[in-house]
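Student:
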Amino acid sequence: MKDRSIFIVGSAGEGIQTVGDVVARALLRSGVSVFTSKEYESRIRGGNSSYRIRASGPNAPRHDADVILALNSTAAAHYQDTASSNCLVLGELSPGGEGIRVPFQALAKEQFSSLLYANSIAAGCLGAVLGISQELLADTLCERFSRLTEEVLRLNVDALALGYKHVLPSLDASSTIVLDSSSSAHSFISVHDAIALAAVAAGCRFMAAYPMSPATGIMTTFAKDPELGVFVEQAEDEIAAINMSLAASAAGARAMTATSGGGFALMTEGISLAGMTETPLVVVVAQRPGPATGLPTRTAQEDLNFAIHGGHGEFPRAVLAPSDPKDAIDAIYRAFDWAERFQTPVLVLSDQFLADSHFSVMDISIPQTPVPSGLADPSESGAYQRYALTEDGISPRLALGQSEHLVRIDSDEHTEEGHITEDLEFVRPAMVEKRLEKMRRLKREIPPPDDYRTDDAETVLISWGSSRGAVVEAVDRLRGMGQRVGSLHFTTVWPLPQLSLPAEVKYWTIEGNATGQFARLLQAEGDIQLVGKIERYDGMPIDAASILAELAGDHSEVDA
Amino acid sequence: MKDRSIFIVGSAGEGIQTVGDVVARALLRSGVSVFTSKEYESRIRGGNSSYRIRASGPNAPRHDADVILALNSTAAAHYQDTASSNCLVLGELSPGGEGIRVPFQALAKEQFSSLLYANSIAAGCLGAVLGISQELLADTLCERFSRLTEEVLRLNVDALALGYKHVLPSLDASSTIVLDSSSSAHSFISVHDAIALAAVAAGCRFMAAYPMSPATGIMTTFAKDPELGVFVEQAEDEIAAINMSLAASAAGARAMTATSGGGFALMTEGISLAGMTETPLVVVVAQRPGPATGLPTRTAQEDLNFAIHGGHGEFPRAVLAPSDPKDAIDAIYRAFDWAERFQTPVLVLSDQFLADSHFSVMDISIPQTPVPSGLADPSESGAYQRYALTEDGISPRLALGQSEHLVRIDSDEHTEEGHITEDLEFVRPAMVEKRLEKMRRLKREIPPPDDYRTDDAETVLISWGSSRGAVVEAVDRLRGMGQRVGSLHFTTVWPLPQLSLPAEVKYWTIEGNATGQFARLLQAEGDIQLVGKIERYDGMPIDAASILAELAGDHSEVDA
Amino acid sequence: MIPIEQYRTTAENQWCPGCPNFGIQTALKRALGSLNLAPHQVCLVSGIGQAAKTPHYIAAHVFNGLHGRAIPAAIGIQIANPDLKTIVTSGDGCIFGEGGNHLLHAFRRNPDITVIVHDNQIYALTKGQGSPTTRRGEKTRMQFDGVAIDPSQMLATAIVHDCTFVARGYAGDLEGLTELLKRAIEHRGFSLIDVIQPCITWGNHPVAWYKERATPIPTDHDPTHRDRAIALALEAPDSFPIGVLYEKPAREVFGETYRQKVGDGPIFKLPPLAPSIIQSRLKAMQIHPAPRVGA
Amino acid sequence: MIPIEQYRTTAENQWCPGCPNFGIQTALKRALGSLNLAPHQVCLVSGIGQAAKTPHYIAAHVFNGLHGRAIPAAIGIQIANPDLKTIVTSGDGCIFGEGGNHLLHAFRRNPDITVIVHDNQIYALTKGQGSPTTRRGEKTRMQFDGVAIDPSQMLATAIVHDCTFVARGYAGDLEGLTELLKRAIEHRGFSLIDVIQPCITWGNHPVAWYKERATPIPTDHDPTHRDRAIALALEAPDSFPIGVLYEKPAREVFGETYRQKVGDGPIFKLPPLAPSIIQSRLKAMQIHPAPRVGA
Ligand SMILES: Cc1ncc(C[n+]2csc(CCOP(=O)(O)OP(=O)(O)O)c2C)c(N)n1
Ligand SMILES: Cc1ncc(C[n+]2csc(CCOP(=O)(O)OP(=O)(O)O)c2C)c(N)n1
Ligand code: SF4
Ligand code: SF4
Ligand SMILES: [Mg+2]
Ligand SMILES: [Mg+2]
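Protein chains in written order, with the numbering used here: chain A, 10 to 569; chain B, 10 to 569; chain C, 34 to 328; chain D, 34 to 328.
(1) On the DSSP bridge assignment, give the partners of Asp419 of chain B in chain order.
(2) Closer than 8 Å to a non-hydrogen atom of ligand 2 - does that hold for the CB of Pro220 of chain B?
(3) Using a threshold of 8 Å, is the CB atom of Ala84 of chain D nearer than that to any non-hydrogen atom of ligand 2?
(4) By how many angstroms is the C-alpha of Lys443 of chain A removed from the C-alpha of Met10 of chain B?
(5) Can you confirm whether the stretch 267-282 of chain C touches the stretch 192-211 of chain C when touching is taken to mean that 3 or more C-beta pairs between the two stretches lie within less than 8 Å?
(6) I'd like to confirm something about Tyr243 of chain D: is its beta-carbon nearer than 8 Å to some heavy atom of ligand 6, or not?
(7) Between the Cα of Glu426 of chain A and those of D:Ile108, D:Val199, D:Phe96, spot the shortest distance and give me the residue it belongs to.
(8) Measuring only the C-alpha atoms, how far is Ala60 of chain D from Ile37 of chain D?
(9) Would the beta-carbon of Gly133 of chain B fall within 9 Å of that of Lys174 of chain B?
(10) Looking at chain B, is there any beta carbon in it that lies within less than 9 Å of the beta carbon of Lys172 of chain D?
(11) Can you tell me whether DSSP reads Glu48 of chain A as helix, strand or coil?
(12) Would you decide whether Pro381 of chain B is buried or exposed? Buried here means 16 or more other CB atoms lie within 10 Å of its CB.
(13) Give me the chain C residues within the contact set of Asp485 of chain B, using Cβ-Cβ distance strictly less than 8 Å, ordered along the chain.
(14) Go ahead and pull the three-state DSSP assignment for Thr147 of chain C.
(15) Would you say Gly276 of chain D faces chain A, with C-beta separation under 9 Å as the test?
(16) Closer than 9 Å, CB to CB, is Met285 of chain A near chain F or not?
(17) Is there at least one Cβ from chain D nearer than 9 Å to Ser565 of chain B's Cβ?
(18) Going along the stretch 354-368 of chain A in order, which residues come within less than 7 Å of chain B, judged by CB to CB distance?
(19) Output yes if chain C places a C-beta closer than 9 Å to the C-beta of Ser88 of chain A; else output no.
(20) Tell me which residue opens and which closes the alpha helix (DSSP H) that Pro179 of chain B is part of.
(21) For Ala249 of chain A, collect the residues of the same chain with a Cβ closer than 6 Å to its Cβ; drop the 5 residues on either side in sequence, then sort them by chain order.
(22) Name the chain A residues whose beta carbon is nearer than 7 Å to that of Tyr546 of chain B?
(23) Between which two residues does the beta strand (DSSP E) containing Val98 of chain A stretch?
(24) At 8 Å on the CB atoms, spell out the chain C contacts of Gln243 of chain A, in chain order.
(25) Assign Glu159 of chain A to one of two classes, buried (16 or more other C-beta atoms within 10 Å of its C-beta) or exposed (fewer than that).
(26) Cα separation between Gly402 of chain B and Glu349 of chain B?
(27) Under 8 Å: does the beta carbon of Ile81 of chain D sit that close to some heavy atom of ligand 2?
(28) Would Thr471 of chain B count as contacting chain A if we go by Cβ distances under 9 Å?
(29) I believe Ala157 of chain C touches Gly82 of chain C by the beta-carbon criterion, under 8 Å. Please report the beta-carbon distance rounded to the nearest angstrom.
(30) Please tell me whether Ile556 of chain B has its Cβ less than 9 Å away from any Cβ of chain A.
(31) Mind checking if Thr190 of chain C is an interface residue toward chain D, Cβ cutoff 9 Å exclusive?
(32) Measure from the C-beta of Ile551 of chain B to each C-beta in chain D and report whether the shortest distance is under 9 Å.
(33) Can you tell me whether Phe240 of chain A is buried or exposed? The criterion is at least 16 other CB atoms within 10 Å of its CB, across all chains shown.
(34) How would you label Pro70 of chain A, buried or exposed, when you count the other beta carbons within 10 angstroms and need 16 or more for buried?
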């Protein structure tokens, strides 16, 4: 059987992450591809949260569960509406709830005199249900807890066995799940992991940032792993973060920063500074639902317009919105490359869904060489001028202190030399045109959107960023039902490529906001008639089922 | 004869403002309508600057001069290219320059033993050239310098007389200028004067702001005139400014703030907060050329997109861009009214040109009563909920501390009561829809654009904000040449009204930026085919002559 | 004396069970109660963070704004409605980190507000990064090799700016903290109280470690003595002398001049401006042509 | 010893004739010259304001960024290229006002940069509003009835943060200022020097008023004595004791640990990261199926 959705539910701090990780990894080790995602409240302990495993299905979210493992009964009740028909519920059931009751806490207390073992019991139960061998499970658990003493590890393995044994008798043919498996190795990786590693590989050496969900993980990856060689500084605020990063870049250290919408708001003056000073800078904006503080731990695609237009004045920029780890590696390479070559800010939009999801991917790779340096050879410059006017708008760039050539970087409108100017007749228009010429050239490099099964499509779903998995799944399912559906997916969302779209096709846009930002963008940039817009803005990621429901004219899934 | 353009040129600190003010006021007192504008460098002393008087012409800029009065010879040289054919140049001529040489400084030194009198001599010269009576000039000068001692005043009047007498013999019929005049009273007022007074009249009581050209004048007006009753605070930065103003508004003080692009960048997080907390707030964004520091004392219309999209997340807002003092009074009333009624931020875009121009206007008036309060009657609320869900999306608003009803204002997604929520199923979508419903209703109130001579027009010039005067002048001049031209001018630039534009007309957009921001906005929001875009981005205001040149296919005036 | 039950709200508490934030919450309720400040007479203001959720858990007016921006918001509220007791209650990251500039300039203004810093020496809500008060060398979930920079010294900074009420409290000392909060709230002008609040989830030290170091300021301390007050302030983060470090008689508070001019009380209660004022300003801009005498 | 002509640039100076900023400019050129710092070894960093134009007038690398943001920019530059002498030269409004938070946190980091504040106690470029150092009561073009709040005390704040070089200079004292600047620039770690710079256009006092009050710190002052240093700092804005207020031996500077790990010198000269490092991280994420034993 294929495509199983497993929710491990509980409250923050209770251990759903541990149980989920052990089970997900054990599945992977048994050859089953998994996709995991998380949803949780903005608090440290308590509340309701879930760790979601989608086994042998596509890398896309599902909002219903085939198995629910509940670590406490409140969570069991909270998530009971997510149960698919035939869902197996196990663990601490809600009062009156049906399923296999396993009193994790009581068992842990009874058998191990400590609540700490409840999670291993739970992992054992779930492993059994999923048909993972007990040995493999125990192995995975030991790997994950390698820091524990041997004694404690042994007790955890016992607890796992207890759980495993406890649940076996209650399983019959219908409740045991058999999953597709293969013998190929998968990488189990999140988009933010991919962003961090690709950035380092691309040559990033500097990041100043201020913690903000869901962007923090990128900085944490650098900070945790000093061998990556990135200078990381937790700035006092986002303004310091972007100014430090930008100036470090001007002084020759390839730099990036990362934040979420509210922090990005504070950075927009710096974005404009990067535009004016022609300084390469990569900025990751990990979206969450707004406005203002909004829902800090949830997901959204609401900051597209802001990413495109944030910052005063006019200057070139690109905005990329990757959808999965491979796409993210590409996007980050492209971002650093464009930043270097066009000497301007490049934004990368991700979101909480991407930050907290792990994808199973095969054949993932990261280029072995960094993005070529955009720095000029100082020996070639005669009298050096940082903003020399050239045909393509691109001036040879030297870093501050790179050589004896003085480099002058200026936020005012400036002469070729980098001094403040008040020359409105020649210098100002020339500098405006120089900057816009770069945008024109950048635009020529924009790749076309990703085409999926559009050849004979009568309906085309248009998406951008994190929703690709769900859209592809929707297309496949609709094709399975005999419908001629395809999709066009945009990873580069600004500038848009020149599009020539067949007119007779029915276009739908699909995005994680309530105002159809991408739909409007398409309309401003080209000639497109949309038949409908699918918008999700409840803080959860777009899933195939809700797309199907919307297309079928049933709005309940999306508007709810 | 009509429409004379007079440039008083000199360096900063030298007194062009004094000379200009005296002459402009004297013209007004002799019944001549004047429009004045200023252009100057970002420095305190030195450089080249001009005070421009357009007499008995429209309230719109001209880039060429019929009279140039130069306070120093460098300025005379700098501005010599602006001379129209037949231009009369007088004062300190450039080496080899033609015109009536008046050595202001030497005369002042000689006759009054002090350079301080040079400006009065200059005012006298210019007054004579413009046919203003010496008495009236002297009177105006005394009025303007009422703070000086009588002795000094008398000496200044003597200096003025000296200038007057000095230049008279050099004037012949062709060089004396006779201007149209009337006996109606004019108000001589700038758009920022109008904004400040209208804001106070509309009920504004609080402004925290941080100085930034060209927005500072609004705060200065309040600070200088405590009788206006506005609590003014110079904040430590723009972030403090918007948060103070917003919170004061939440506590019942009608509030505004003002800044320019870079400061607005720092305020965008606060704009989003106003959207989320549903707090009325009026923010004036006085534009100048960017990006970054750009040209601090010049003009532009580059922040349209940023004003529309600045701030993370999705929430209702309106953006108004007045073109002249009357329009500004309307816009400010509308801004405060919308802010109160829709409980959301409203932005008002002005620019340096508007900030530094004085218009002659007849019959200007400001409503006698403030905008109605958006505060609810606390005695009507049972169990009060700040974010109560209502059909129109508008919840009865009580201020913090208005009554015994507790008011909870929250930047997180919140319940009706104003508490943090994690309810994604009902509360979050309902709150998103509530906020968007307000936008839908706001959109219904958007007035159509201003129509000017479009009835039989084959060509329509589309403009927004500060360029109206120039566009109207261009239309009139083209009509005078027999061309069927009209214009559509937008003061409300976001949201746009529903437009149904006749398809056979040739549309041009005209705006002060290099990327055609408004043109793109029109294309995103409606079906419009543009035949051309006229864009000016050299830091100077759009004028009729450059529009005419562009329409005639001669790009030299605009692209230079 | 208002019983503390009257400050209960319906909001579900989101703190970790046992968090010392509960102590601050209770102490604040008690202080308000014993000062007879009814919920509607109080406005609680915060930014974003765990501490910043406090206003949801105490019945009062609430302004829960942006991370770092509680102080300017409180100043705006205090000016708009001076009848409210405006109290900021937010985290160390919020007030000393993102919002540092506002605190610095609040010292200068002396607004009549109280600022309570829940000083847990960590960014708790974002899961354990160092905050401006984290001790040098301590390991966190961002500074894995230990924080490499020195802590902020904002109490000493308050004192050099002659802030007229500067105190340090301890979240575990309910009685003492209640008293300190009462004094801070009663103080006319700006009062700053840094409350040591061990974080039992992300903190590097057990509560006992803090308790040991949170010792009362010697009773012979003269709180008008600047140098001694600074020395006491600078003992942190190694130890936390608890009590009033610095206190001076109230001086002019922010907005007083304005109120003297336009009238006291909330601005929304002021009568509208006389239209004649605007009209006179407009009139001053009007220019009437004089009879022309000709050149 | 490099002659000061070598620091000349082609930029047209935009200051008012006679402005004491010229004095700071000359002193800085002299200091650089006598420290044998060639133009390309120096990076001048500023925000926006009259003072912030300084970098255009002295031959060196220039980063003239945003108003208030010179310090984070300088820190970024210093980390990216520790071989450069990175010197901030900007206004009181820029550094103490808009940029206050960055200064506050720079104290904590101790980056090896020098910050020169052109302290004219006014916002000059925006035409005369009060700055954070304007004396209470002084009238400005925004505070028409006089500034109603107290001045910032950032030197005292530096001292309580144990900033290891804190000085005050006077723009009119070329010799003395040159010496101070030399010491500040030579100092390893963060050095802050507030230079009293009368504004002859917007200032409320004639230069003589300042000159009178800019008196040398008594020679017996012990710059390691915190309390006395604070007392000297707090004499401003009534008088301006000139000299080094506070000085401590250098301590660990910002970024040292990083450089110890990856190598010294500019980051752009570092060899690219060994690809094996990335590959090993990728590999750690790879999961190979084990033979399944069946449930
Ligand atoms: C502009 C902005 N930047 C960052 C964040 C993310 N953020 C939320 S709370 C927090 C830190 C909270 O620390 P603190 O103020 O000490 O409160 P605590 O959680 O420790 O009580 C941060 C960085 C944000 N909400 N807004
Ligand atoms: C974000 C931002 N806010 C405001 C301004 C406007 N501004 C430019 S210079 C300045 C004040 C300058 O004062 P100071 O730093 O003391 O320098 P000075 O001109 O006195 O030398 C201000 C407010 C700006 N450029 N950017
Ligand atoms: S994370 Fe720390 S500060 Fe936050 S509630 Fe838990 S224990 Fe308290
Ligand atoms: S305005 Fe003041 S500080 Fe600026 S150059 Fe002129 S005198 Fe100097
Ligand atoms: Mg904290
Ligand atoms: Mg200054």
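We put the beta carbon where it would ideally sit given N, CA and C, even for glycine.
Tutor: The relevant details are as follows:
(1) C:Asn97
(2) yes
(3) yes
(4) Its pLDDT being 47, under 50, Met10 of chain B is placed unreliably in this model, and the value from its coordinates should be taken loosely. Those two C-alpha atoms are separated by around 43 Å.
(5) yes
(6) no
(7) D:Phe96
(8) 10 Å
(9) yes
(10) no
(11) strand
(12) exposed
(13) Result: empty, since nearest Cβ-Cβ is about 25 Å, beyond 8 Å.
(14) strand
(15) no
(16) In the structure shown, chain F does not exist; the protein chains are A, B, C and D.
(17) Low local confidence applies: a pLDDT of 42 at Ser565 of chain B is under 50, so the model's placement there is unreliable, with the coordinate-based value given in what follows. Ser565 of chain B does not count as touching chain D.
(18) none
(19) The identity of residue 88 of chain A in the sequence shown is Tyr, whereas the question assumes Ser. Chain C, which has no Cβ nearer than 9 Å to the Cβ of Tyr88 of chain A, makes this no.
(20) Note that residue 179 of chain B corresponds to Ser in the displayed sequence, not to Pro. Careful: Ser179 of chain B lies outside any alpha helix (DSSP H) and carries neither H nor E.
(21) none
(22) Pro438, Val441
(23) 92-100
(24) Gln162, Gly163, Met175, Gln176
(25) exposed
(26) 14 Å
(27) yes
(28) A quick correction: the sequence has Ile, not Thr, at residue 471 of chain B. With 9 Å as the cut-off, Ile471 of chain B does not count as an interface residue toward chain A.
(29) 7 Å
(30) no
(31) yes
(32) no
(33) buried
(34) buried
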